Amino acid sequence: MAEQRSLPVPDGLEGERLDAALSRLFGFSRTRAAELIVSGDVLVDGSPAAKSDRVHAGAWLDVTLPPPPTAPMPVAEPVPGMKIVYEDDDIVVVNKPIGVAAHPTTGWTGPTVIGGLLGTGHRVATSGAAERQGIVHRLDANTTGAMVVAKSEHAYSHLKRAFKERTVDKRYHALVQGHPDPLRGTVDAPIDRHPSGDGRFAVVAGGKESVTHYDTIEAFRAASLLDIKLETGRTHQIRVHMSALRHPCVGDMMYGADPTLAARLGVTRQWLHAVSLAFEHPATGEWVSFTTDYPDDLAHALKIVGSES
Numbered sequence: 000m001a002e003q004r005s006l007p008v009p010d011g012l013e014g015e016r017l018d019a020a021l022s023r024l025f026g027f028s029r030t031r032a033a034e035l036i037v038s039g040d041v042l043v044d045g046s047p048a049a050k051s052d053r054v055h056a057g058a059w060l061d062v063t064l065p066p067p068p069t070a071p072m073p074v075a076e077p078v079p080g081m082k083i084v085y086e087d088d089d090i091v092v093v094n095k096p097i098g099v100a101a102h103p104t105t106g107w108t109g110p111t112v113i114g115g116l117l118g119t120g121h122r123v124a125t126s127g128a129a130e131r132q133g134i135v136h137r138l139d140a141n142t143t144g145a146m147v148v149a150k151s152e153h154a155y156s157h158l159k160r161a162f163k164e165r166t167v168d169k170r171y172h173a174l175v176q177g178h179p180d181p182l183r184g185t186v187d188a189p190i191d192r193h194p195s196g197d198g199r200f201a202v203v204a205g206g207k208e209s210v211t212h213y214d215t216i217e218a219f220r221a222a223s224l225l226d227i228k229l230e231t232g233r234t235h236q237i238r239v240h241m242s243a244l245r246h247p248c249v250g251d252m253m254y255g256a257d258p259t260l261a262a263r264l265g266v267t268r269q270w271l272h273a274v275s276l277a278f279e280h281p282a283t284g285e286w287v288s289f290t291t292d293y294p295d296d297l298a299h300a301l302k303i304v305g306s307e308s
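So the sequence shown is residues 0 to 308, counted in numbering that gives the first Met the number 0.
Have a look at this one:
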């Protein structure tokens with residue numbers, strides 16, 4: 000249901016543009032405000048207005064706010080290339096392929112891990128939001144590798160807590176441009192959304208605590224293969240931290256990678272793979288560990304960069 004809001008323009012907004020005034024009154028972006036004005040959902044003293052019109056204190060605003068978008072539900076269909084690494088009554092560990100999101104989100108129409116599991120007859124926990132059933136952690140759509148999904152309600156709550164309390168050992172391999180100095184180190188830098196609002200994240204003062212440990216496995220002429228342990232699990236964390244070190248993941252054009260090198264190595268996305276996951280099994284309490292092989296595109300790129308060195 001659309002929501003109707005009516006209120007006078009406060010004295011403090013006298014002379015402001017209409018789109019700016021709406022942005023400050025309702026807390027949404029100027030772009031969003033402009034869209035509402037253009038679609039005729041904003042009346043000033045009962046009449047439509049332009050986004051650049053100046054508002055006067057005491058003028059009466061009538062704003063029709065559309066209902067919030069409903070989260071899309073998973074589509075149960077098999078995901079080509081998604082392999083089951085391990086499964087029992089409580090958990091299923093998958094090797095997630097490229098181009099697959101963990102769960103449905105607004106704006107994502109591609110395949111999902113949850114949809115792939117449901118589409119091949121796997122049961123998942125029903126805890127959490129309906130579109131995120133069983134999901135206790137996520138990988139970016141174009142980051143491949145090990146992901147655990149909870150099948151039982153007990154496993155869901157246990158694993159959720161384990162990820163929150165950082166008792167899960169998450170290991171990644173990343174091929175980054177150049178050679179980090181020092182070869183082994185820790186990046187402790189807060190991350191939040193990039194000020195541009197274009198979907199990127201960045202090291203931002205006052206952002207969420209983010210800690211990444213890295214160690215060089217092998218240095219090549221143009222790039223270095225790193226073993227990375229995540230202490231926290233922020234969106235795009237490794238990609239942001241490596242870019243902040245000026246050694247972005249090969250192929251990660253969103254975060255400043257060299258397109259020429261990516262083309263030479265044949266990669267069309269960030270060279271980043273969740274190589275292993277280890278945690279306390281939610282049912283047995285035993286420490287379990289799962290590893291995944293590199294997908295073909297990353298293995299091929301590594302072979303080329305190695306032959307050039």
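Built from N, CA and C at the ideal position, the CB exists for glycine as well. What you are looking at is a predicted structure, and each value in this text was computed from that prediction instead of being measured.
Between the C-alpha atoms of residue i and residue j, what's the straight-line distance to the nearest angstrom?
i, j, result
"ASP191", "GLY206", "5 angstroms"
"VAL175", "ARG137", "21 angstroms"
"VAL123", "SER275", "21 angstroms"
"LEU6", "LEU35", "16 angstroms"
"LEU271", "GLU217", "15 angstroms"
"SER151", "VAL62", "45 angstroms"
"ALA140", "ARG53", "43 angstroms"
"VAL249", "PRO281", "36 angstroms"
"GLY305", "PHE219", "6 angstroms"
"ASP180", "PHE200", "23 angstroms"
"LEU21", "HIS55", "13 angstroms"
"GLY144", "ALA204", "31 angstroms"
"VAL135", "PHE162", "7 angstroms"
"GLY284", "ALA154", "11 angstroms"
"TYR171", "LYS228", "6 angstroms"
"HIS246", "ASP226", "14 angstroms"
Tell me the residue span of the alpha helix (DSSP H) that contains residue i.
i, result
"THR119", "Element bounds for THR119: n/a, residue is neither H nor E."
"PHE219", "Looking at the DSSP string, PHE219 is not in any alpha helix (DSSP H), and its letter there is neither H nor E."
"SER306", "295-306"
"ASP18", "17-25"
"ILE97", "First-last for ILE97: undefined, no H or E at that position."
"GLU34", "29-37"
"LEU264", "258-264"
"HIS157", "152-163"
"HIS55", "It is not in any alpha helix (DSSP H) - HIS55 carries neither H nor E in the DSSP assignment."
Going by alpha carbons, who is nearest to residue i out of the options?
i, options, result
"PRO294", "VAL266, ARG245, PRO47 and TRP286", "VAL266"
"ASP10", "ALA128, LEU24, HIS299 and LEU225", "LEU24"
"GLU2", "ASP187, PRO67 and ARG31", "PRO67"
"ALA277", "GLY284, GLN269, SER288 and ASP257", "SER288"
"THR119", "GLY98, LYS82, ALA149 and VAL99", "LYS82"
"MET72", "VAL202, ALA48, THR105 and ALA154", "THR105"
"GLY57", "LEU64, ASP44 and SER51", "ASP44"
"LEU116", "ALA129, ARG233 and ALA75", "ALA75"
Are residue i and residue j touching if we call contact CB-CB under 8 angstroms?
i, j, result
"THR166", "THR185", "no"
"ARG29", "ASP18", "yes"
"HIS102", "ILE90", "no"
"GLU208", "PRO189", "yes"
"THR142", "GLN132", "no"
"VAL99", "VAL84", "no"
"ALA221", "LEU260", "yes"
"LYS50", "ARG4", "no"
What first and last residue would you give for the beta strand (DSSP E) that runs through residue i?
i, result
"TYR171", "168-176"
Using 8 angstroms as the Cβ pair cut-off and three pairs as the minimum, do the segment 234-242 and the segment 250-266 touch? Remark: three or more beta-carbon pairs, one from each stretch, lie closer than 8 angstroms, so the segment 234-242 and the segment 250-266 are flagged as touching.
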